[in-house]
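K.L.:
Going by my numbering, the letters in the sequence shown line up with residues 3 to 183, in that order.
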Amino acid sequence: MYAINYYYNENHPLRVYTGSAEANKDSHAPRNALRVEPDFKDGFYPCEQAGAWVLVPDYRGTKVYDLITAQESEIKDLGELPDGVTTIAPDVEFPKWSGKKWVTDKSAKKESDVATAEAKKQYLIAEVQTETQMLQTKRSLKRIKPAEMGLLNAWLDYLDLLEAVDASTAPDIDWPVKPVA
């Protein structure tokens with residue numbers, strides 16, 4: 003007849019179960035083993051505590067989301083979930099934790115909309131400069147044709163409208179229409 007040693011990792015802070023092996027019936031269990039079979043239950047893992055097996059929550063491999071940043075991470079260790087995370091994935095743009103679910107952070111969305119509008123405005127202004135550079139050169143050299151002068155004026159009118167755009171009203175902006183050559 004034989005006994006079974008149920009081993010745990012004595013160097014791990016939770017003293018987690020690591021496996022079992024047969025032992026002589028008349029021998030004593032080594033210091034890192036018990037002779038009592040641990041229970042196994044979904045969502046838990048056995049750990050040695052004061053000479054007995056206890057079930058510790060096992061969230062390893064579970065995706066969690068930071069309540070402040072909504073950043074996803076994965077649980078790597080046994081034990082309760084750390085403070086400041088949830089297993090509920092953000093399901094909205096610009097997520098903000100309300101205490102029970104993710105909601106849209108309206109101020110973050112507004113800030114993003116304004117920044118996007120300002121970037122678009124600057125891009126369009128740079129585009130006007132590119133489009134009018136040759137026309138401006140021709141005008142300064144008095145070599146501009148009447149049709150080109152009309153196009154230059156249309157681009158400059160468009161520039162005036164662009165400069166008048168208030169990015170702080172984003173996303174409710176009526177962008178001016180580019181001139182057609």
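Note that CB positions come from ideal geometry on N, CA and C, so glycine has one too. It should be emphasised that the depicted structure is a prediction, and the values quoted were computed from it without experimental measurement.
For the putative contact between L57 and F46, defined by C-beta atoms under 8 Å, what is the C-beta separation to the nearest angstrom?
P.N.:
The residue labelled residue 57 in the question sits at position 55 within the sequence shown. The residue labelled residue 46 in the question sits at position 44 within the sequence shown. At roughly 4 Å, the Cβ-Cβ gap stays under 8 Å, so L57 and F46 are in contact.
K.L.:
Pull up the distance between the alpha-carbon of D68 and that of V94, whole angstroms please.
P.N.:
The residue labelled residue 68 in the question sits at position 66 within the sequence shown. The residue labelled residue 94 in the question sits at position 92 within the sequence shown. So the two alpha carbons sit approximately 15 Å from each other.
K.L.:
Contact check, R141 vs L154 under 8 Å by CB: the rounded distance?
P.N.:
Here residue 141 is taken as the residue at index 139 of the sequence shown, counted from 1. Here residue 154 is taken as the residue at index 152 of the sequence shown, counted from 1. The pair is a contact, with the Cβ atoms about 6 Å apart (cut-off 8 Å).
K.L.:
To which residues of the same chain is A72 closer than 6 Å at the C-beta, ignoring the five residues directly before and after it?
P.N.:
Position 70 of the sequence shown, counted from the start, is the residue given in the question as residue 72. Excluding positions up to five away in sequence, the list reads P92 and P97.
K.L.:
Should L161 go down as buried or exposed, given a rule of 16 or more other Cβ atoms within 10 Å for buried?
P.N.:
Mapped onto the sequence shown, residue 161 falls at position 159. Classification for L161: buried.
K.L.:
If you run the structure through DSSP and keep just helix, strand and coil, what is G21?
P.N.:
Start at 1 with the first residue of the sequence shown, and residue 21 comes out as number 19. Strand, per DSSP.
K.L.:
What does the alpha-carbon distance come out to for the pair E24 and N13?
P.N.:
Sequence index remark: in the sequence shown, residue 24 carries index 22 (1-based). Sequence index remark: in the sequence shown, residue 13 carries index 11 (1-based). Cα-Cα distance, rounded: 22 Å.
K.L.:
Please return the same chain residues whose Cβ sits closer than 8 Å to the Cβ of A110, not counting the five positions on each side in sequence.
P.N.:
Here the question's residue 110 lines up with position 108 in the sequence shown. Hits under 8 Å: F96 and K98.
K.L.:
What do you reckon, are the CB atoms on V18 and N11 nearer than 8 Å?
P.N.:
Locating residue 18 in the sequence shown gives position 16, counting from the first residue. Locating residue 11 in the sequence shown gives position 9, counting from the first residue. For V18 and N11, yes; Cβs fall inside 8 Å.
K.L.:
If we ignore side chains and look at the alpha-carbon of each, how far apart do A172 and D115 end up?
P.N.:
Indexing the sequence shown from 1 puts residue 172 at position 170. Indexing the sequence shown from 1 puts residue 115 at position 113. Here the alpha carbon of A172 sits roughly 6 Å from the alpha carbon of D115.
K.L.:
Looking at the secondary structure, which residues open and close the alpha helix (DSSP H) in which V39 lies?
P.N.:
The residue given as residue 39 occupies position 37 in the sequence shown. The identity of residue 39 in the sequence shown is Glu, whereas the question assumes Val. For E39, no alpha helix (DSSP H) run applies, since DSSP gives it neither H nor E.
K.L.:
What whole-angstrom Cβ distance do T83 and V66 have, given they're in contact under 8 Å?
P.N.:
Translated into positions along the sequence shown, residue 83 becomes position 81. Translated into positions along the sequence shown, residue 66 becomes position 64. Rather than Thr, the amino acid found at residue 83 in this sequence is Leu. Confirmed, Cβ separation roughly 6 Å.
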